[in-house]
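This report concerns only the one structure given below.
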DNA sequence: AGAAATATTTTTGTATACATTTTTATTTTT
DNA sequence: AAAAATAAAAATGTATACAAAAATATTTCT
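Protein chains in written order, with the numbering used here: chain Z, 92 to 299; chain H, 92 to 299.
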């Protein structure tokens, strides 16, 4: 696994303190490489929103914030509905089966946060890809990546797994029935519901 | 000006061929620095969507494509409306004056594409910033940055300057009248109109 | 001749060393 | 004692050198 992914993992698993600047030498020792690949990783992670600037030259793991969680789910709701709309008429049995298969894997226990996040994205991507809109899909993928940082709360304190599973099935069912309007509306609700739940929870917390 | 910005400029001014891989040594000679800062620049430009992968390890300037132009304007329409909605009730005379001042500068002749792109974004940002939604704003800013790559067409072949100016004034007027619904609807139209025009134009072109 | 395999060249990736900048600590001044 | 200025340190930024990988050219085989 490359350095970038390792740093992502460590951010997700709270192995890297938030708010304090990340030191390149420290990281290079931690991951057993020189500073150059560390710099590379930090640069792209910053560009992708995984890290934020600290002072004039440093970067840090940004604190989790309800506002960010809310923004991410609002944006996802808008843009994923757009994508589903564009994809809808092209979704065939093939894509539905693919999504169903992924949904089944998501139901398993013992998945890491990252695995869960990736599977969840693959589920949606299976439906969106036939829209054939690379730019839109790339942006939405980025937002989903970002959202993974908050996944720990959704699958941890908030018992979300079962409901999420159910909603995935419901979505597929609506698509199969060619009920475009209802499917898009449901997707929006699916994303926004999770966002509202998460946002409320984070607002209530004091220490993070 | 830093390397990253210089490369952006050269992309905008078609100084770097599209579709062919960018060679790090070539760029380092061109800009008179070693490969390290070049690599840094390429990495973040790739993460920001200014460059796309080429082969297994290289990057290239991606071809312009009507689909990307359309996606960018669709996304901007959705997300900027969201931002304006959140900002609306907090927009005071101060922000309106700020926007008006920027709008005046935009009317001048002899601005470079980048200057024009930045001013246009500053205009919108003057209104959005009171929404106080850093994440949403960051993403929208990225989309606007992307859109700059297509600005040459809007201000070149398509005579867009005058109309854009007029639309900016109209938007400010609607906000001043506290007509939230109309203002948001108008903003959406403003963004989508430009997008449709641009997309149609690009679809008609063969060689780019 | 065309495809597969191999060798060559080119290019990217990484480490180390040094320069520059930023941050922190110390000293000086009011 | 607080603020400003200065000095020390620690950190980032960049260059050069080398290693690994990728792309290209060449050779070999069918």
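For every residue, glycine included, the Cβ atom is placed at its ideal position computed from N, Cα and C.
Counting C-beta neighbours from all protein chains within 10 Å, is the total for residue 178 of chain H 16 or more, i.e. buried, or is it exposed? With a threshold of 16 other beta carbon atoms within 10 Å, residue 178 of chain H meets it and is buried.
Below 8 Å, how does it come out for the stretch 142-154 of chain Z and the stretch 139-159 of chain H: are there three or more Cβ pairs, yes or no? no
Inter-residue Cα distance where the pair is residue 159 of chain Z and residue 264 of chain H: 31 Å
So, do the stretch 178-189 of chain Z and the stretch 211-221 of chain Z have three or more beta carbon pairs nearer to each other than 8 Å? yes
Beta-carbon proximity of residue 302 of chain Z to residue 274 of chain Z, cut-off 9 Å: With chain Z covering only 92 through 299, there is no way to say anything about residue 302 of chain Z.
Looking at the C-beta of residue 295 of chain H, does it have a partner C-beta in chain Z at a distance below 9 Å? no
Under 9 Å between the Cβ atoms of residue 228 of chain H and residue 139 of chain H? Judged by their CB atoms, residue 228 of chain H and residue 139 of chain H are not nearer to each other than the 9 Å cut-off.
Under three-state DSSP, which class holds residue 153 of chain H? Collapsing the DSSP output to three states places residue 153 of chain H in coil.
Comparing the C-beta of residue 189 of chain Z with each C-beta of chain H, is any distance below 9 Å? It does not; no Cβ of chain H falls within 9 Å.
Chain Z contact residues for residue 135 of chain H, given Cβ-Cβ distances below 8 Å: 134, 135, 137, 138
Taking the C-alpha atoms as reference points, what is the distance between residue 173 of chain H and residue 234 of chain H? 14 Å
Check the Cβ of residue 162 of chain H against every Cβ in chain Z and list those closer than 7 Å, keeping chain order. 224, 226, 227
Using 8 Å as the Cβ pair cut-off and three pairs as the minimum, do the stretch 121-133 of chain H and the stretch 93-106 of chain H touch? With the cut-off at 8 Å, the stretch 121-133 of chain H and the stretch 93-106 of chain H touch.
Kindly indicate which three-state DSSP category residue 143 of chain H falls into: helix, strand or coil? strand
Of all Cβ atoms in chain H, is any one closer than 9 Å to the Cβ of residue 97 of chain Z? no
Using the rule of at least 16 other Cβ atoms within 10 Å of the residue's Cβ for burial, across every protein chain shown, is residue 298 of chain H buried or exposed? Model confidence at residue 298 of chain H stands at a pLDDT of 47, short of 50, so the residue's coordinates are unreliable; what they give is reported in the following sentence. Exposed.
What's the gap between the Cα of residue 192 of chain H and the Cα of residue 198 of chain Z? Straight-line Cα distance between these residues: approximately 55 Å.
Does the pairing of the stretch 201-209 of chain Z with the stretch 97-107 of chain Z give three or more beta-carbon distances under 8 Å? yes
Going by CA-CA distance only, name the one from H/290, H/292, H/286, H/124 that's closest to residue 168 of chain H. H/286
Residue 220 of chain Z at chain H interface by Cβ criterion, 9 Å: Not flagged as an interface residue toward chain H: residue 220 of chain Z, since no C-beta distance is shorter than 9 Å.
Which same chain residues end up closer than 7 Å to residue 241 of chain H when comparing Cβ atoms and leaving out the 5 residues on each side of it in sequence? 155, 160, 289
Of all Cβ atoms in chain H, is any one closer than 9 Å to the Cβ of residue 284 of chain Z? no
On the DSSP bridge list, what partners appear for residue 112 of chain H? Its beta-bridge partners are H/151.
In chain order, what residues of the same chain lie with their CB nearer than 6 Å to the CB of residue 118 of chain Z, ignoring the 5 residues before and after it? 129
Interface flag, residue 158 of chain H vs chain Z, CB-CB below 9 Å: yes
If we cut at 9 Å on Cβ distances, does residue 169 of chain Z have a partner in chain H? At least one CB atom of chain H sits nearer than 9 Å to the CB of residue 169 of chain Z.
Going along chain Z in order, which residues have a C-beta closer than 8 Å to the C-beta of residue 131 of chain H? 130, 131, 134
Buried or exposed by the 16-neighbour rule on C-beta atoms within 10 Å, applied to residue 211 of chain H: Classification of residue 211 of chain H: buried, given that the 10 Å Cβ count is 16 or more.
Say whether chain Z places a C-beta atom closer than 9 Å to the C-beta of residue 230 of chain H. yes
Between the C-alpha atoms of residue 122 of chain H and residue 116 of chain H, what's the straight-line distance to the nearest angstrom? 10 Å
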